[in-house]
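These notes concern the structure reproduced below.
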Amino acid sequence: MTEMALAGVRVLDLTRGWSGPIGARFMADLGAEVIKVEYLTDRGMASVEAPKDPTDFASVCHAAYPDNDPGKDPYNRYGPFNEYNRNKMSLTLNLTNQRCKEAFLTLVSISDVVIENYSPRVMANFGLDYQSLKLVNPSIIFIAMPGFGMTGPHRHHVSYGTNIEPTAGLSNMIGYPGPTPYKSGEAYPDPNAGLHGVAAVLTALFYRRRTGIGQFIDLSQNEAAVGLIGEALLAFDMNNEEPVRMGNRHPYHAPHNTYRCKGDDRWVTITVTNDQEWQSLSDLMGNPSWAREEKFGDQLSRWQYQDELDEYISQWTSGRDYMELMHTLQAAGVTAAAVYTNRDIVEDPHLKERGYFQEIPHPRTGPTLFSGVPVLLSKTPGTLRIHAPMMGEHNDFLLRDLVGLGEEEVSELKAQKAIVTRPPETYEGPPY
Amino acid sequence: MGDPLGLLSGLKVLDLTHYAAGPYATRMMAAQGAEVTKIERPGAGDPARHIGPFPGDDPDPEQSALFLYLNTSKKSITLNLNTTSGTETLKRLLVSADVLVENFQPGVMASMGLDYPQVESVNPRLVMASITYFGQTGPYKSYKGNSMVGFAVTGQMHMTGDPDKEPLVGAGYQPEYQAGLHAYDAVLAALYWRETSGKGQHIDVSVMEAMAYYHEFAITTWTHVKALSIRAGNNYPVGNHPLTIYLCKDGYISISCVTPRQSESLFLLIERPDLIDDPKLGTGTSRWENRDEFDEIILPWLMERTMDEIVTAAQDLRIPCTYVPTFGQLFQDRQLRARDYWVALEHPLVGRHTYAGAPFKMDQTPMQVTRAPLLGEHNEEVYCGDLGCSKEDLVRLRERNII
Chain Y
1 MTEMALAGVR VLDLTRGWSG PIGARFMADL GAEVIKVEYL TDRGMASVEA
51 PKDPTDFASV CHAAYPDNDP GKDPYNRYGP FNEYNRNKMS LTLNLTNQRC
101 KEAFLTLVSI SDVVIENYSP RVMANFGLDY QSLKLVNPSI IFIAMPGFGM
151 TGPHRHHVSY GTNIEPTAGL SNMIGYPGPT PYKSGEAYPD PNAGLHGVAA
201 VLTALFYRRR TGIGQFIDLS QNEAAVGLIG EALLAFDMNN EEPVRMGNRH
251 PYHAPHNTYR CKGDDRWVTI TVTNDQEWQS LSDLMGNPSW AREEKFGDQL
301 SRWQYQDELD EYISQWTSGR DYMELMHTLQ AAGVTAAAVY TNRDIVEDPH
351 LKERGYFQEI PHPRTGPTLF SGVPVLLSKT PGTLRIHAPM MGEHNDFLLR
401 DLVGLGEEEV SELKAQKAIV TRPPETYEGP PY
Chain P
1 MGDPLGLLSG LKVLDLTHYA AGPYATRMMA AQGAEVTKIE RPGAGDPARH
51 IGPFPGDDPD PEQSALFLYL NTSKKSITLN LNTTSGTETL KRLLVSADVL
101 VENFQPGVMA SMGLDYPQVE SVNPRLVMAS ITYFGQTGPY KSYKGNSMVG
151 FAVTGQMHMT GDPDKEPLVG AGYQPEYQAG LHAYDAVLAA LYWRETSGKG
201 QHIDVSVMEA MAYYHEFAIT TWTHVKALSI RAGNNYPVGN HPLTIYLCKD
251 GYISISCVTP RQSESLFLLI ERPDLIDDPK LGTGTSRWEN RDEFDEIILP
301 WLMERTMDEI VTAAQDLRIP CTYVPTFGQL FQDRQLRARD YWVALEHPLV
351 GRHTYAGAPF KMDQTPMQVT RAPLLGEHNE EVYCGDLGCS KEDLVRLRER
401 NII
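So the sequences go chain by chain: Y and P. Counting along the first sequence from 1, when you hit position 114 you're at 114 in my numbering, and nothing is skipped either side. Counting along the second sequence from 1, when you hit position 402 you're at 402 in my numbering, and nothing is skipped either side.
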């Protein structure tokens with residue numbers, strides 16, 4: 001059997017949403033034993049309406065159940081949950097219940113890492129902040145990842161990744177020419193916080209393996225995102241100039257843009273950075289007379305006349321297939337990319353050959369395609385071993401065999417609904 | 001406090017990276033106390049030195065903001081890897097190194113006799129990470145990349161911008177930074193395993209896969225429901241509204257109402273409690289369908305108020321609402337300042353400037369940052385100190401264009 005890099009590391013994952021779960025999943029993929037501790041959870045929507053149009057992205061993606069059917073147990077069928085939580089076990093614990101809290105602390109005493117992304121007050125309210133956990137396990141590594149960090153005047157501000165992208169300064173750099181800042185159509189700072197969280201935890205684990213010393217990590221999702229534009233912020237500090245939004249254009253390369261192709265909403269990006277690439281592009285376009293005009297003769301001049309240039313290139317691309325253009329242009333040494341839809345990524349032959357997407361069986365959704373492990377380690381490759389857990393799937397195993405509770409105690413917790421296998425009646429959707 | 005030198009102190013990293021993706025990975029290692037030696041081409045150095053932005057838009061290879069930010073806390077030596085002496089010198093450095101990071105095109109390291117099997121034979125404990133746009137294998141491995149390519153081939157671009165206009169690139173160098181972050185995580189996992197196995201290994205990271213990881217919400221919508229991604233302007237296309245950026249009296253704010261409780265609070269905030277039962281605007285789904293109508297109601301309220309007033313009132317009601325700062329405002333941000341986020345660094349040519357700080361705070365040993373190195377600044381220290389060359393050797397190496 002192949003060894004796994006993080007074998008023997010036990011992680012208690014209290015996170016919800018996307019940021020925390022994807023971080024804990026990265027560690028699970030590389031071999032850590034990750035126990036998802038959940039109760040009021042984020043396993044889909046509270047009330048599920050069938051989408052009006054099952055092919056309309058906006059109407060289905062917030063309730064992404066296979067075949068648009070939530071089934072009788074939507075909390076076990078929700079696509080994003082199942083995507084973000086594979087390779088993990090599930091233990092439901094109501095942490096306001098004293099017995100559950102004790103069980104949790106027993107787990108802490110035999111674990112290596114605790115990861116949570118609540119608002120700063122929540123773990124303290126449970127009586128489970130770092131200081132409390134340290135009493136039962138002095139070398140525990142505890143990472144808190146709230147929106148704005150554990151200290152400061154705005155520490156209690158609530159946010160999602162969709163708020164962080166604008167407020168960390170990224171939106172100030174995105175947009176068409178004009179005053180409006182744009183955000184991407186996704187909660188990009190979420191996974192960014194998760195992967196920075198992994199960096200912090202693995203650094204702490206490496207340090208602990210050498211010294212035996214654990215620690216507390218305070219990760220502000222906002223700060224983890226601000227550093228992603230560090231070069232632009234430094235430039236502002238040097239020149240005191242706000243960034244100029246210029247769509248997809250570049251401060252000194254042209255062409256550097258996105259061009260409409262054949263079909264509905266299909267685009268290709270093309271970048272030329274020197275005369276040789278320009279010649280290759282011209283050759284592909286059949287060396288039209290306009291391309292030989294003097295104003296397109298060098299990089300600077302092409303940049304000055306890029307409105308006209310983009311117009312000509314669009315005429316060439318508009319009747320052509322976006323994927324074909326990417327391959328033809330790249331084969332000629334011109335930097336180009338098709339603007340992929342979500343479908344294009346899943347069906348991409350390159351990712352297929354690298355084995356990125358993998359199908360694993362899931363008892364409530366059947367065999368399903370999941371995203372793979374994005375880093376390839378030659379001797380300890382990450383793996384997709386098992387589907388995301390059913391809610392509370394490992395309650396009995398974990399409470400009896402790991403925590404050491406007796407049969408009666410487990411039954412009692414079940415009777416009190418302190419441990420469950422479906423969301424409690426009062427569930428109103430993800431708590432934030 | 002833990003180790004005053006940093007959590008990765010004692011770790012030696014040879015940094016063959018350039019531009020943005022690799023340098024972000026090694027920058028993080030250096031910030032945690034690893035000794036990172038950046039190996040640059042004699043003469044030109046890292047191409048990021050020539051990209052800028054520059055102070056006063058005046059190109060100077062020692063003053064590129066991209067280089068200065070991504071290479072803090074590192075040493076710089078020059079070495080010509082197109083010569084046999086150069087690669088032999090590198091191998092001597094590899095003997096005592098723990099980590100090697102590179103982001104050349106696939107095949108370049110092999111052409112210099114420095115691919116993983118050869119490197120492993122020099123130092124079997126070495127962890128080597130290779131970062132490229134498309135990975136070391138597969139039909140696109142030789143394709144050229146840049147940030148726009150990274151945004152395009154991973155779906156993020158298709159979902160950014162107005163539906164009737166071209167899709168937009170994201171901010172700055174996100175694809176490269178994310179590949180660097182993934183490489184950091186993978187290297188640390190490999191180092192953790194090395195502590196017990198004693199073995200190094202090779203890591204293959206691609207920008208495409210790192211960014212695809214960040215698009216999983218939309219990918220899941222294809223794998224589970226077969227619905228094609230869309231662009232919805234500044235709205236998050238989840239059929240829920242508002243998750244958007246709005247204009248207000250003195251700037252822009254961002255609101256994300258996801259749960260029914262949050263939208264009820266929003267109605268109270270804008271003094272329209274009647275909307276709670278409104279069939280057209282009462283639920284997230286109905287507001288998505290009638291979003292123009294809802295925006296007509298909320299915009300006049302917002303336009304009478306400042307960012308600060310709105311965010312304070314909204315957060316009191318626990319509505320996820322933040323302001324959208326300009327860079328000038330971001331540097332003044334109360335929360336970032338209260339947490340000592342910014343780092344001021346003095347540089348002999350650029351002067352004193354403020355840099356973005358640590359992505360997370362470790363309580364044993366905080367991130368430590370020193371300015372980026374001048375090209376070849378540490379040649380004497382490394383070649384004479386670590387490899388035992390004499391000053392005359394150094395002159396000879398320089399004359400033969402090896403350093």
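Glycine included, every Cβ here is placed at the ideal spot set by N, Cα and C.
- Under 9 angstroms Cβ-Cβ, which residues of chain P neighbour residue 18/Y? 216 and 217
- Query: Listed in chain order, which residues of the stretch 167-179 of chain Y have Cβ atoms closer than 9 angstroms to some Cβ of chain P?
  - Reply: 167, 168, 169, 170, 171, 172, 173, 174, 175, 176 and 179
- Query: What's the C-alpha gap between residue 227/P and residue 51/P?
  - Reply: 40 angstroms
- Under the three-state reduction of DSSP, which class applies to residue 63/P: helix, strand or coil? coil
- Message: Strictly below 8 angstroms CB to CB, what residues from chain Y border residue 456/P?
- Response: Because chain P in this structure spans residues 1 to 403, residue 456/P falls outside the shown range and cannot be described.
- Listed from N- to C-terminal order along the chain, which residues in the stretch 290-307 of chain Y have their beta-carbon within a distance smaller than 8 angstroms of any beta-carbon of chain P? none
- Interface residues of chain P around residue 3/Y at Cβ under 8 angstroms? 193 and 197
- Message: Using a Cβ-Cβ cutoff of less than 8 angstroms, which residues in the same chain neighbour residue 39/Y once the five nearest sequence positions on both sides are dropped?
- Response: 92, 93, 94, 95, 420 and 424
- Measuring only between beta-carbons, confirm whether residue 50/P sits less than 8 angstroms from chain B. No chain B is part of this structure, whose protein chains are labelled Y and P.
- Task: Just grab the DSSP bridge partners of residue 159/P for me.
- Result: DSSP, once it has assigned bridges, lists no residue as partnering residue 159/P.
- Message: Is there a C-beta anywhere in chain P that falls below 8 angstroms from the one on residue 430/Y?
- Response: For residue 430/Y, the predicted structure reports a pLDDT of 44, less than 50, and the residue's modelled location is therefore unreliable. A value from the coordinates is still provided. For residue 430/Y, the answer is yes, since a Cβ of chain P falls inside 8 angstroms of its Cβ.
- Item | Inter-residue Cα distance where the pair is residue 272/P and residue 262/P | 14 angstroms
- Item | Member of 125/Y, 143/Y and 59/Y whose CA lies at the smallest distance from the CA of residue 15/Y | The shortest Cα separation from residue 15/Y among 125/Y, 143/Y and 59/Y belongs to 143/Y.
- Task: In the DSSP assignment, find the beta strand (DSSP E) that holds residue 257/P and state where it starts and stops.
- Result: That residue, residue 257/P, is in no beta strand (DSSP E); it is neither H nor E in DSSP.
- Spell out a yes or no on whether the stretch 108-119 of chain Y and the stretch 2-10 of chain Y are touching, meaning 3 or more CB-CB pairs, one atom from each, closer than 8 angstroms. yes
- Nearest-angstrom Cα separation, counted from residue 259/P out to residue 430/Y: Residue placement at residue 430/Y is flagged as unreliable, the pLDDT there being 44, under the threshold of 50; the coordinate-derived value follows with that caveat. Distance between the alpha carbons of residue 430/Y and residue 259/P: 8 angstroms.
- Please compile the residues from chain Y whose C-beta is within a distance smaller than 9 angstroms of the C-beta of residue 166/P. Here the neighbours are 176, 247, 248, 257, 258, 259, 260, 267 and 339.
- Task: Look at residue 230/P and residue 242/P and say whether their C-beta atoms are less than 8 angstroms apart.
- Result: Taking 8 angstroms as the Cβ cut-off, residue 230/P and residue 242/P do not qualify as a contacting pair.
- Query: Count the other CB atoms within 10 Å of the CB of residue 111/P; is the residue buried (16 or more) or exposed (fewer)?
  - Reply: exposed
- Chain-ordered chain P contacts of residue 215/Y [CB-CB under 8 angstroms]: Within chain P, the residues near residue 215/Y are 2, 362, 363 and 364.
- Item | residue 334/P classed as buried or exposed, judged by whether at least 16 other C-beta atoms fall within 10 angstroms | Exposed is the call here.
- Message: Just verifying my parser: in three-state terms, what is the DSSP assignment at residue 246/Y?
- Response: The three-state secondary structure of residue 246/Y, taken from DSSP, is coil.
- Message: Short of 9 angstroms Cβ to Cβ, which residues in the stretch 348-359 of chain Y face chain P?
- Response: The residues in question are 348, 349, 350, 351, 352, 353, 354, 356 and 357.
- If you measure from the beta carbon of residue 21/P to each beta carbon in chain Y, is any gap under 8 angstroms? False, the Cβ-Cβ gap to chain Y never drops below 8 angstroms.
- What is the DSSP secondary structure of residue 129/P, reduced to helix, strand or coil? strand
- Message: Is it buried or exposed, residue 432/Y, if we count other Cβ atoms within 10 angstroms and call 16 or more buried?
- Response: With a pLDDT of only 37 at residue 432/Y, under 50, the local geometry of the prediction cannot be trusted, and the value read off the model is given with reservation. Counting Cβ neighbours within 10 Å, residue 432/Y comes out buried, since at least 16 surround it.
- Residue closest to residue 271/Y, alpha-carbon to alpha-carbon, out of 368/P, 150/P and 280/P: Measuring from the Cα of residue 271/Y, the nearest candidate turns out to be 150/P.
- is_contact[residue 118/Y, chain P] using C-beta, thresh 8 angstroms: no
- Considering only C-alpha positions, which residue in the set 278/P, 252/P and 253/P is nearest to residue 264/P? 278/P
- What does residue 246/P reach in chain Y if we use C-beta pairs closer than 9 angstroms? Residues of chain Y passing the Cβ test: none, with the nearest at roughly 10 angstroms.
- Message: Looking at chain Y, is there any beta carbon in it that lies within less than 8 angstroms of the beta carbon of residue 134/P?
- Response: yes
- Item | Local Cβ density within 10 Å of residue 216/P, reported as buried at 16 or more and exposed below that | buried
- Message: Less than 7 angstroms between C-beta atoms, sequence neighbours within five positions excluded: which residues of the same chain meet that for residue 295/Y?
- Response: 301 and 305
- List, in order along the chain, the chain Y residues whose C-beta lies closer than 8 angstroms to that of residue 332/P? Per Cβ cutoff of 8 angstroms: no residues; residue 332/P is ~12 angstroms from chain Y at best.
- Task: Name the residue from 166/P, 24/P, 131/P and 48/P whose alpha carbon lies nearest to the alpha carbon of residue 269/Y.
- Result: 166/P
- Is there at least one Cβ from chain P nearer than 8 angstroms to residue 282/Y's Cβ? no
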